[in-house]
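One line per chain: the protein sequences are W and C, in this order.
Just so it is clear: in the first sequence, position 67 is 67 by full-length UniProt numbering, and no numbers are missing.
Just so it is clear: in the second sequence, position 79 is 79 by full-length UniProt numbering, and no numbers are missing.
Encoded as structure tokens, the structure appears first; notes follow it.
Number of protein chains: 2
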Amino acid sequence: MPSEFDLIARIRSRAALRPDVALGIGDDAAVLRVPPGCELVVTSDTLNAGVHFFEDVPPFDLGWKALAVNLSDLAAMGARPAWCTLALSLAAPDAAWLDAFVGGLLALAADHDVALVGGDTTRGPLSINVTAHGLVEAGTALRRDGARAGDAVWVTGVPGEAAAGLAVLRAEREGRALALAPDVRAQLVGRLQRPQPRVAAGCALRGLATACLDVSDGLLADLGHIATASGLGAELDPVALPVPPALAALPPPLRRDAQLAGGDDYELCFTAPADADAAVRAALAGVGLPATRIGRMVPGRDVRVRGEDGEWRVPPHRGFDHFRA
Amino acid sequence: MPSEFDLIARIRSRAALRPDVALGIGDDAAVLRVPPGCELVVTSDTLNAGVHFFEDVPPFDLGWKALAVNLSDLAAMGARPAWCTLALSLAAPDAAWLDAFVGGLLALAADHDVALVGGDTTRGPLSINVTAHGLVEAGTALRRDGARAGDAVWVTGVPGEAAAGLAVLRAEREGRALALAPDVRAQLVGRLQRPQPRVAAGCALRGLATACLDVSDGLLADLGHIATASGLGAELDPVALPVPPALAALPPPLRRDAQLAGGDDYELCFTAPADADAAVRAALAGVGLPATRIGRMVPGRDVRVRGEDGEWRVPPHRGFDHFRA
């Protein structure tokens with residue numbers, strides 16, 4: 001059985017470095033160089049077995065996702081990812097599982113030039129915490145609280161597919177698999193298990209978006225966070241949301257719920273001046289990610305949604321809460 | 001029952017800020033300013049219920065310790081603490097427990113001018129991860145790999161009391177309480193549950209120590225880490241170790257084991273040139289923490305310990321391993 005120190009050595013041997021890492025894995029702490037003129041952007045997210053993922057999720061995907069959810073937070077700030085630490089609690093060390101897990105984390109890290117610089121490996125119920133560090137030119141970070149009344153509300157990519165993927169997996173585990181074509185199932189589950197953090201889009205939106213966050217609690221809840229932080233209300237028109245084939249294949253109530261209340265897509269929801277549509281589209285076309293204008297910021301405090309009858313209503317429930325779900 | 005967002009608001013309302021925090025708790029990530037000429041020092045440590053602490057530990061002490069173990073890593077690098085994030089997994093939200101826990105963490109944070117700038121609150125078996133950030137003038141961080149043959153080996157304060165405190169608690173839980181005076185018990189358990197990270201000592205040792213780390217795995221194991229990283233062996237004379245009244249009250253085998261193999265004291269073990277004794281003593285006197293010269297670095301690979309018969313031996317086991325304990 002590998003020891004704690006073997007596990008750390010195993011991880012260390014595979015971690016890439018960057019020139020701004022003065023000291024990486026293996027000491028009491030990492031030593032890192034922040035370039036002059038840049039601010040440091042820091043976020044920390046945990047994934048717990050049975051809460052955030054099924055225990056039998058492929059370990060490669062789990063490693064990928066543990067970093068992805070953090071890079072998504074950096075993307076929402078408009079920051080370039082730089083470094084991360086990994087705190088991993090394992091019930092028992094399993095070299096094959098660990099290699100696949102670290103493989104997934106480092107594959108996404110390589111995509112974004114992120115160095116794994118330290119962390120902690122310990123015994124406990126399976127739990128993964130990643131703290132990610134990014135860099136942004138001083139004063140340019142995107143925040144939640146900058147939206148203005150009249151701003152347009154946008155979302156990148158396709159919100160809802162990850163939540164639909166979760167519904168698919170849950171149905172299968174309960175023995176009532178949905179009748180879906182294999183490519184539809186693969187698309188939805190792939191969005192859930194290997195989310196693509198919208199790093200390039202976040203960077204492209206600096207200086208353009210007035211507020212931004214990543215959709216992790218669900219579109220309605222997260223738009224609510226922008227509204228609250230900015231002291232405004234918001235209106236969201238679900239008809240505007242993209243419906244690609246994988247979502248079109250779903251029963252409409254499931255699709256609508258996934259689009260509005262589903263987390264885990266890690267798309268960016270952002271606001272921009274109403275007259276900046278062309279600039280927004282051009283910026284995101286430059287990074288190959290479409291975005292959709294889905295609503296607007298308004299005075300007040302409510303987040304209202306247009307129903308199928310054309311009426312605007314405040315929905316009874318906005319999204320996910322870990323202690324109420 | 002408080003929601004996840006209530007819990008975050010509860011923590012946020014109590015967290016102090018620093019002028020170098022451009023954006024603290026409440027957005028997707030924190031934005032922080034590293035002063036010119038400084039390097040960033042980052043460490044991350046997890047405490048899991050049943051592994052690192054008894055579930056019924058006072059929550060104030062648990063919050064204190066969760067930060068202390070991280071500040072100790074910064075101390076070992078000679079870094080000044082600046083910011084931390086907290087990732088907290090809770091089986092169920094309990095406002096009174098959380099208030100005490102956050103109180104302990106923020107009390108130690110206030111002692112060291114550390115700002116809590118973000119994190120994650122989620123559902124899961126009780127687990128705490130803190131990632132701490134410190135600052136050090138570029139190129140001056142203390143490392144493990146700088147010891148030279150002939151260097152003296154030192155340890156700050158009193159190693160062994162925390163491990164003795166753990167032995168006391170374990171014995172009590174098994175119904176075989178040790179016969180100890182109340183003040184002795186309080187001293188030992190206090191060292192375990194509210195360790196004092198040696199931050200001022202670590203800063204005072206910059207430019208003086210050739211290698212440094214904090215004693216978390218046990219003195220022998222951690223001296224072994226310095227030896228391995230520096231490509232050397234080491235000799236440690238247990239007779240030199242301080243024996244204050246609380247340790248003197250213990251059965252000698254328990255005391256010796258706690259001194260050499262016990263973790264959790266978070267003293268600093270460091271090396272310095274053999275002719276630098278006066279400078280070391282003066283530097284640590286300046287921060288009010290005594291240190292003891294306990295051995296020396298030698299060519300080779302072994303860590304040898306002098307036995308009561310005066311013979312030097314390689315002990316069979318160096319200390320704690322999470323997956324072998």
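The beta-carbon is built from N, C-alpha and C at its ideal position, and this holds for glycine as well.
Checklist line | Proximal residues to alanine 171(C) (C-beta, below 8 Å), its chain only, five neighbours per side dropped | finding: Apart from sequence neighbours up to five positions away, the residues of its chain that approach alanine 171(C) with a beta-carbon distance below 8 Å are Ala177 and Leu178, ordered along the chain.
Notebook entry, point to check: Hey, is arginine 144(W) close to the ligand ADP, as in C-beta under 7 Å from one of its heavy atoms?
Noted result: The ligand content of the structure shown is nil, which means the ligand ADP is not present either.
Next item on the list: Just the C-alpha distance for arginine 144(W) and glycine 78(W), rounded to the nearest angstrom, thanks.
Entry: So the two alpha carbons sit approximately 12 Å from each other.
Check: Taking the alpha helix (DSSP H) that proline 59(W) falls in, what are its first and last residues?
Finding: Per DSSP, proline 59(W) belongs to the alpha helix (DSSP H) from 59-76.
Notebook entry, point to check: Going by beta carbon distance, what residues of the same chain come within less than 8 Å of proline 35(C), once the five residues before and after it are set aside?
Noted result: Within the same chain, proline 35(C) has close Cβ partners Asp20 and Leu135.
Next item on the list: Output the distance between the C-alpha atoms of arginine 313(W) and arginine 296(W), rounded to the nearest integer angstrom.
Entry: Looking at the two C-alpha atoms, the distance is approximately 15 Å.
Next item on the list: Confirm, please, whether the CB-CB distance from tryptophan 64(C) to leucine 32(C) is below 8 Å.
Entry: No, the Cβ-Cβ distance between leucine 32(C) and tryptophan 64(C) is not below 8 Å.
Note to self: Just to confirm my understanding: we take alanine 246(C), look at its own chain, exclude 5 residues before and 5 after, and list those with CB closer than 7 Å. What are they?
What the structure shows: Non-local C-beta neighbours of alanine 246(C) in its own chain, meaning closer than 7 Å and more than five positions away in sequence, comprise Glu161, Val184, Gln187 and Leu188, ordered along the chain.
Next item on the list: Taking glycine 233(W) as the reference, give the member of Ala274(W), Asp302(W), Ala283(W) and Gly263(W) with the closest Cα.
Entry: Minimum Cα distance to glycine 233(W) is reached at Asp302(W).
Margin query: I want to see whether chain C comes within less than 8 Å of arginine 33(W), judged by CB atoms only; does it?
Written below: The beta carbon of arginine 33(W) falls within 8 Å of a beta carbon belonging to chain C, placing the residue at that interface.
Note to self: Can you give me the C-alpha to C-alpha distance between serine 44(C) and threonine 228(C), rounded to a whole angstrom?
What the structure shows: Straight-line Cα distance between these residues: approximately 22 Å.
Margin query: Within 8 Å of any Cβ in chain W, is that where the Cβ of glutamate 39(C) sits?
Written below: With 8 Å as the cut-off, glutamate 39(C) counts as an interface residue toward chain W.
Notebook entry, point to check: Is the beta carbon of threonine 271(C) less than 8 Å from the beta carbon of valine 153(C)?
Noted result: Yes, Cβ-Cβ distance for threonine 271(C) and valine 153(C) is below 8 Å.
Notebook entry, point to check: For leucine 213(W), which residues in chain C fall below 8 Å Cβ to Cβ?
Noted result: Within chain C, the C-beta atoms nearer than 8 Å to that of leucine 213(W) come from Asp27 and Asp28, in chain order.
Checklist line | the stretch 64-74 of chain W in contact with the stretch 48-63 of chain C per 3-pair CB rule at 8 Å | finding: Verdict: no, contact absent.
Note to self: With distance defined between alpha-carbon atoms, name the residue in Ala282(W), Val130(W) and Pro273(W) nearest to alanine 209(W).
What the structure shows: Here the closest residue by C-alpha is Pro273(W).
Item checked: Any beta strand (DSSP E) of 3 or more consecutive residues that is wholly inside the UniProt domain "PurM-like N-terminal" (26-136) of chain W -> 30-32, 38-48, 80-90 and 115-123, all fully within the UniProt domain "PurM-like N-terminal" (26-136) of chain W.
Next item on the list: Can you grab the Cα-Cα spacing for the pair proline 244(C) / alanine 211(C), in whole Å?
Entry: If you take the alpha carbons of proline 244(C) and alanine 211(C), they lie about 26 Å apart.
Next item on the list: Could you name the residues of chain C that aspartate 45(W) contacts, counting a contact when the two beta carbons are closer than 7 Å?
Entry: Residues of chain C with a Cβ closer than 7 Å to the Cβ of aspartate 45(W) are, in chain order, Asp120.
Margin query: Give me the subset of the stretch 155-168 of chain C whose CB atoms are less than 7 Å from a CB atom of chain A, sorted by chain position.
Written below: The structure shown contains no chain A; the protein chains it does contain are W and C.
Note to self: Which residue wins for smallest C-alpha separation from proline 315(W), given the options Ala285(W), Gly288(W), Arg256(W) and Asp27(W)?
What the structure shows: When the alpha-carbon of proline 315(W) is set against those of Ala285(W), Gly288(W), Arg256(W) and Asp27(W), the nearest one is in Arg256(W).
Item checked: Cα-Cα separation, aspartate 73(W) to alanine 132(W) -> Going by the C-alpha atoms only, they are around 9 Å apart.
Notebook entry, point to check: Does any C-beta atom of chain C lie closer than 8 Å to the C-beta of leucine 23(W)?
Noted result: Answer yes: the Cβ-Cβ gap between leucine 23(W) and chain C drops below 8 Å somewhere.
Note to self: Using only CA atoms, which one of Ala22(C), Ala249(C) and Asp120(C) lies nearest to aspartate 6(C)?
What the structure shows: Looking at the Cα atoms, Asp120(C) is the closest of the given residues.
Next item on the list: Jot down the residue ranges of each uninterrupted alpha helix (DSSP H) in the UniProt domain "PurM-like C-terminal" (148-306) of chain C, minimum 4 residues, whole runs only, in chain order.
Entry: Contiguous alpha helix (DSSP H) elements confined to the UniProt domain "PurM-like C-terminal" (148-306) of chain C occur at 161-173, 182-193, 199-204, 219-230, 245-248, 252-261 and 277-285, taking only those with 4 or more residues.
Notebook entry, point to check: Along chain C, which residues have their Cβ under 7 Å away from the Cβ of serine 89(W)?
Noted result: Proximity of chain C to serine 89(W) at the Cβ level (cut-off 7 Å) is accounted for by Thr46, Asn48 and Ser127, in chain order.
Note to self: Considering only the alpha carbon of each residue, which of Asp99(W), Leu219(W) and Ala9(W) lies closest to glycine 262(W)?
What the structure shows: Relative to the Cα of glycine 262(W), the nearest Cα in the group Asp99(W), Leu219(W) and Ala9(W) belongs to Leu219(W).
Next item on the list: Note down, in chain order, each residue of its chain lying with its Cβ closer than 7 Å to the Cβ of leucine 223(W), except the 5 sequence neighbours on either side.
Entry: Taken in chain order, the residues that qualify are Val153, Ala234, Leu236, Cys269 and Val303.
Margin query: Taking 8 Å as the threshold (C-beta atoms), are alanine 75(W) and glycine 202(W) in contact?
Written below: Going by beta carbons, glycine 202(W) and alanine 75(W) fall inside the 8 Å limit.
Check: Under 8 Å Cβ-Cβ, which residues of chain W neighbour proline 36(C)?
Finding: The contacting residues are Pro36.
Notebook entry, point to check: Which of the three DSSP states, helix, strand or coil, is assigned to alanine 22(W)?
Noted result: Collapsing the DSSP output to three states places alanine 22(W) in a strand.
Item checked: 6 Å Cβ shell around proline 87(W) - same chain, five flanking residues per side excluded -> Residue identity differs from the one stated: residue 87(W) is alanine in this sequence, not proline. Taken in chain order, the residues that qualify are Gly119, Asp120 and Asn129.
Check: Given a threshold of 16 other Cβ atoms within 10 Å of its Cβ, counted over all protein chains shown, does arginine 173(C) qualify as buried or as exposed?
Finding: By the beta-carbon neighbour count (other beta carbons within 10 angstroms, threshold 16), arginine 173(C) is exposed.
Checklist line | chain W residues whose Cβ lies nearer than 7 Å to that of arginine 74(C) | finding: Before going on, a small fix: residue 74(C) reads as leucine here, not arginine. Residues of chain W passing the Cβ test: Ala29.
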